[in-house]
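Participant: If you want this note's numbering, it's the position in the sequence shown, counting the first as 1, plus 1143.
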Amino acid sequence: MISHIIITDITDHLPCFTTVNDHELLLKGYRYVSKRIINDENREKFANRIEKVKYVLPFHLHNPHEDDLQIIYENYFDHIRRIYNDCFPIITKKVHNKTYSKPWITPDILKLIHKKDSLYCKKKKYNTQTNKKNYKTAKKEVEKAINNEKQFYYKTIMNKESRNIKNYWNAIRLIINKKEKSADCDSALIPLL
(Lines of atoms letter the chains of each structure in order from A and count residues from 1; the text may use other names and numbers.)
(Lines give C-alpha, C1' and ligand atoms only; values in the text may rest on other atoms or scores of the structure.)
Protein backbone atom coordinates (compact mmCIF):
# COMPACT_ATOMS: atom_id res chain seq x y z
CA MET A 1 0.00 0.00 0.00
CA ILE A 2 1.39 3.41 -1.06
CA SER A 3 -0.01 6.86 -0.27
CA HIS A 4 0.39 9.97 -2.42
CA ILE A 5 -0.52 13.65 -2.48
CA ILE A 6 -1.63 15.04 -5.85
CA ILE A 7 -0.44 18.52 -6.65
CA THR A 8 -3.31 19.96 -8.67
CA ASP A 9 -5.61 22.95 -8.74
CA ILE A 10 -8.92 21.06 -8.89
CA THR A 11 -9.73 21.95 -5.28
CA ASP A 12 -8.53 24.41 -2.65
CA HIS A 13 -6.63 21.61 -0.91
CA LEU A 14 -4.25 18.94 -2.16
CA PRO A 15 -6.05 15.61 -2.66
CA CYS A 16 -4.56 12.49 -1.07
CA PHE A 17 -4.96 8.93 -2.26
CA THR A 18 -3.72 5.46 -1.43
CA THR A 19 -2.76 2.71 -3.85
CA VAL A 20 -3.66 -0.82 -2.81
CA ASN A 21 -1.89 -3.63 -4.68
CA ASP A 22 -4.69 -6.16 -4.54
CA HIS A 23 -5.78 -7.55 -7.91
CA GLU A 24 -8.87 -9.06 -6.29
CA LEU A 25 -10.47 -5.65 -5.77
CA LEU A 26 -13.07 -4.62 -8.31
CA LEU A 27 -12.36 -1.12 -9.59
CA LYS A 28 -15.58 0.80 -9.93
CA GLY A 29 -15.88 3.55 -12.46
CA TYR A 30 -13.57 1.95 -14.99
CA ARG A 31 -14.24 0.00 -18.14
CA TYR A 32 -12.18 -1.54 -20.87
CA VAL A 33 -12.40 -0.12 -24.37
CA SER A 34 -11.07 -1.96 -27.41
CA LYS A 35 -10.23 -0.22 -30.65
CA ARG A 36 -8.07 -0.67 -33.72
CA ILE A 37 -5.06 1.51 -34.30
CA ILE A 38 -5.76 2.97 -37.75
CA ASN A 39 -3.28 5.61 -38.83
CA ASP A 40 -1.23 6.50 -41.91
CA GLU A 41 1.73 4.37 -40.81
CA ASN A 42 -0.43 1.26 -40.41
CA ARG A 43 -2.24 1.93 -43.71
CA GLU A 44 1.11 2.05 -45.49
CA LYS A 45 2.22 -1.13 -43.72
CA PHE A 46 -1.01 -2.87 -44.83
CA ALA A 47 -0.60 -1.70 -48.45
CA ASN A 48 3.01 -2.96 -48.50
CA ARG A 49 2.04 -6.35 -47.05
CA ILE A 50 -0.79 -6.76 -49.59
CA GLU A 51 1.60 -5.73 -52.38
CA LYS A 52 4.03 -8.47 -51.29
CA VAL A 53 1.37 -11.20 -51.28
CA LYS A 54 -0.71 -10.08 -54.24
CA TYR A 55 0.76 -12.89 -56.33
CA VAL A 56 0.06 -15.47 -53.62
CA LEU A 57 -3.59 -14.48 -53.11
CA PRO A 58 -4.79 -15.70 -56.55
CA PHE A 59 -3.39 -19.12 -55.63
CA HIS A 60 -6.22 -19.44 -53.11
CA LEU A 61 -8.75 -18.85 -55.88
CA HIS A 62 -7.19 -21.26 -58.39
CA ASN A 63 -6.04 -23.96 -56.01
CA PRO A 64 -6.21 -27.25 -57.99
CA HIS A 65 -6.23 -29.29 -54.75
CA GLU A 66 -9.44 -27.71 -53.45
CA ASP A 67 -12.86 -28.07 -55.07
CA ASP A 68 -15.10 -26.60 -52.38
CA LEU A 69 -15.83 -22.97 -53.23
CA GLN A 70 -16.63 -22.07 -49.60
CA ILE A 71 -13.21 -23.28 -48.40
CA ILE A 72 -11.47 -21.41 -51.24
CA TYR A 73 -13.35 -18.24 -50.24
CA GLU A 74 -12.50 -18.69 -46.54
CA ASN A 75 -8.80 -19.30 -47.23
CA TYR A 76 -8.57 -16.23 -49.45
CA PHE A 77 -10.19 -13.90 -46.92
CA ASP A 78 -8.46 -15.50 -43.92
CA HIS A 79 -5.13 -14.61 -45.52
CA ILE A 80 -6.23 -10.97 -45.96
CA ARG A 81 -7.79 -10.89 -42.48
CA ARG A 82 -4.53 -12.08 -40.86
CA ILE A 83 -2.62 -9.28 -42.60
CA TYR A 84 -5.29 -6.75 -41.61
CA ASN A 85 -5.26 -7.84 -37.95
CA ASP A 86 -1.48 -7.73 -37.90
CA CYS A 87 -1.30 -4.24 -39.45
CA PHE A 88 -4.27 -2.77 -37.53
CA PRO A 89 -4.06 -4.43 -34.10
CA ILE A 90 -6.85 -4.15 -31.56
CA ILE A 91 -5.68 -2.57 -28.32
CA THR A 92 -7.61 -2.73 -25.07
CA LYS A 93 -7.33 0.23 -22.76
CA LYS A 94 -8.71 0.79 -19.26
CA VAL A 95 -10.48 4.15 -19.09
CA HIS A 96 -12.49 5.88 -16.42
CA ASN A 97 -16.19 6.31 -17.13
CA LYS A 98 -15.79 10.06 -16.57
CA THR A 99 -13.81 10.16 -19.81
CA TYR A 100 -16.99 9.32 -21.69
CA SER A 101 -19.29 11.46 -19.57
CA LYS A 102 -17.75 14.63 -21.08
CA PRO A 103 -17.44 14.02 -24.81
CA TRP A 104 -16.32 17.58 -25.48
CA ILE A 105 -12.96 16.87 -23.81
CA THR A 106 -10.77 16.33 -26.86
CA PRO A 107 -7.15 15.10 -26.97
CA ASP A 108 -6.06 18.71 -27.55
CA ILE A 109 -7.89 19.85 -24.44
CA LEU A 110 -6.31 17.00 -22.45
CA LYS A 111 -2.89 18.26 -23.58
CA LEU A 112 -3.80 21.77 -22.42
CA ILE A 113 -4.97 20.36 -19.06
CA HIS A 114 -1.70 18.45 -18.61
CA LYS A 115 0.24 21.62 -19.49
CA LYS A 116 -1.82 23.63 -16.96
CA ASP A 117 -1.23 20.96 -14.28
CA SER A 118 2.52 20.97 -14.86
CA LEU A 119 2.56 24.80 -14.65
CA TYR A 120 0.57 24.54 -11.41
CA CYS A 121 3.21 22.18 -9.96
CA LYS A 122 5.92 24.58 -11.07
CA LYS A 123 4.05 27.50 -9.46
CA LYS A 124 3.67 25.57 -6.19
CA LYS A 125 7.34 24.59 -6.17
CA TYR A 126 8.78 27.95 -7.27
CA ASN A 127 6.33 30.70 -6.32
CA THR A 128 7.51 33.44 -8.70
CA GLN A 129 5.46 36.05 -10.56
CA THR A 130 6.39 34.49 -13.92
CA ASN A 131 5.19 31.06 -12.83
CA LYS A 132 1.94 32.54 -11.47
CA LYS A 133 1.36 34.43 -14.72
CA ASN A 134 2.10 31.35 -16.89
CA TYR A 135 -0.26 29.24 -14.80
CA LYS A 136 -3.10 31.78 -14.94
CA THR A 137 -2.69 32.10 -18.71
CA ALA A 138 -2.79 28.32 -19.15
CA LYS A 139 -5.82 28.05 -16.86
CA LYS A 140 -7.73 30.65 -18.89
CA GLU A 141 -6.72 28.89 -22.10
CA VAL A 142 -8.12 25.57 -20.80
CA GLU A 143 -11.38 27.19 -19.68
CA LYS A 144 -11.81 28.92 -23.04
CA ALA A 145 -11.08 25.73 -25.01
CA ILE A 146 -13.52 23.70 -22.89
CA ASN A 147 -16.27 26.31 -23.27
CA ASN A 148 -15.77 26.47 -27.04
CA GLU A 149 -15.84 22.67 -27.44
CA LYS A 150 -18.83 22.33 -25.13
CA GLN A 151 -20.80 24.91 -27.15
CA PHE A 152 -19.84 23.20 -30.41
CA TYR A 153 -20.85 19.80 -29.00
CA TYR A 154 -24.29 20.99 -27.88
CA LYS A 155 -24.91 22.95 -31.10
CA THR A 156 -24.11 19.80 -33.06
CA ILE A 157 -26.57 17.76 -30.97
CA MET A 158 -29.30 20.37 -31.39
CA ASN A 159 -28.77 20.58 -35.17
CA LYS A 160 -28.76 16.81 -35.50
CA GLU A 161 -32.00 16.39 -33.56
CA SER A 162 -33.85 19.40 -35.02
CA ARG A 163 -36.15 17.26 -37.21
CA ASN A 164 -37.39 14.93 -34.46
CA ILE A 165 -39.22 16.86 -31.73
CA LYS A 166 -38.94 14.09 -29.11
CA ASN A 167 -35.18 13.71 -29.60
CA TYR A 168 -34.88 17.51 -29.68
CA TRP A 169 -36.44 17.77 -26.21
CA ASN A 170 -34.27 14.91 -24.97
CA ALA A 171 -31.26 16.88 -26.18
CA ILE A 172 -32.51 19.96 -24.31
CA ARG A 173 -32.92 17.85 -21.14
CA LEU A 174 -29.37 16.57 -21.64
CA ILE A 175 -28.04 20.12 -21.94
CA ILE A 176 -29.81 21.42 -18.85
CA ASN A 177 -29.09 18.15 -17.02
CA LYS A 178 -32.74 17.49 -16.18
CA LYS A 179 -33.84 13.94 -15.52
CA GLU A 180 -37.23 12.73 -16.71
CA LYS A 181 -39.61 12.25 -13.81
CA SER A 182 -41.46 8.98 -13.63
CA ALA A 183 -45.14 8.94 -12.83
CA ASP A 184 -45.33 8.03 -9.18
CA CYS A 185 -48.77 7.39 -7.69
CA ASP A 186 -47.73 8.34 -4.16
CA SER A 187 -46.50 11.77 -5.22
CA ALA A 188 -49.78 12.41 -7.07
CA LEU A 189 -51.92 11.89 -3.96
CA ILE A 190 -53.06 15.02 -2.20
CA PRO A 191 -52.96 14.73 1.57
CA LEU A 192 -56.35 15.20 3.21
CA LEU A 193 -56.59 17.48 6.22
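No residue lacks a Cβ here, since even glycine has one placed at the ideal position from N, Cα and C.
Examine the Cβ distances between the region 1244-1263 and the region 1289-1299 and report whether three or more of them are shorter than 8 Å.
Facilitator: These segments touch.
Participant: Within a Cβ cutoff of 6 Å, which residues of the same chain sit near L1262, ignoring the five residues on either side of it in sequence?
Facilitator: As a first step, residue 1262 must be located in the sequence shown, where it is residue number 119. Around L1262: N1277, Y1278, A1281.
Participant: Taking 8 Å as the threshold (C-beta atoms), are I1233 and S1177 in contact?
Facilitator: Mapped onto the sequence shown, residue 1177 falls at position 34. Mapped onto the sequence shown, residue 1233 falls at position 90. Yes. Within cutoff.
Participant: Which runs of the alpha helix (DSSP H), 4 residues or longer, sit entirely within the region 1251-1306?
Facilitator: Segments of the alpha helix (DSSP H) lying fully in the region 1251-1306: 1272-1303.
Participant: Under 8 Å by Cβ, that's how I've got V1285 and I1256 pegged, so tell me the actual separation to the nearest angstrom.
Facilitator: Reading the sequence shown from its first residue, position 142 is the one you call residue 1285. Reading the sequence shown from its first residue, position 113 is the one you call residue 1256. With 8 Å as the limit, V1285 and I1256 qualify as a contact, their Cβ atoms being about 6 Å apart.
Participant: Can you tell me whether D1210 is buried or exposed, with buried defined as 16 or more other CB within 10 angstroms of its CB?
Facilitator: For this step, residue 1210 is matched to residue 67 along the sequence shown. Exposed, since its Cβ has fewer than 16 Cβ neighbours within 10 Å.
Participant: Just list the residues that DSSP pairs C1159 with in beta bridges.
Facilitator: Here residue 1159 corresponds to residue number 16 of the sequence shown, with the count starting at 1. Answer is I1148, bridged to C1159.
Participant: Do the region 1304-1312 and the region 1268-1277 touch if we need at least three Cβ pairs shorter than 8 Å?
Facilitator: Touching, no.
Participant: On the three-pair Cβ rule with 8 Å, is the region 1174-1193 touching the region 1295-1302?
Facilitator: Touching, no, given that fewer than three Cβ pairs across the two stretches are closer than 8 Å.
Participant: Let me know the secondary structure DSSP gives I1181 once reduced to three states.
Facilitator: The residue labelled residue 1181 in the question sits at position 38 within the sequence shown. Here I1181 sits in coil by DSSP.
Participant: If you compare alpha carbons, which of V1196, R1174, H1147, K1197 is closest to K1236?
Facilitator: Numbered from 1 along the sequence shown, position 93 holds the residue referred to as residue 1236. Per the Cα distances, R1174.
Participant: Would you mind giving the Cβ-Cβ distance between F1231 and I1180, rounded to the nearest angstrom? I have them listed as a contact below 8 Å.
Facilitator: The count along the sequence shown starts at 1 and reaches residue 1231 at position 88. The count along the sequence shown starts at 1 and reaches residue 1180 at position 37. At roughly 6 Å, the Cβ-Cβ gap stays under 8 Å, so F1231 and I1180 are in contact.
Participant: Does the Cβ-Cβ distance between D1260 and T1151 come in under 8 Å?
Facilitator: On the sequence shown, position 117 is the one that residue 1260 refers to. On the sequence shown, position 8 is the one that residue 1151 refers to. Yes, they are a contact pair.
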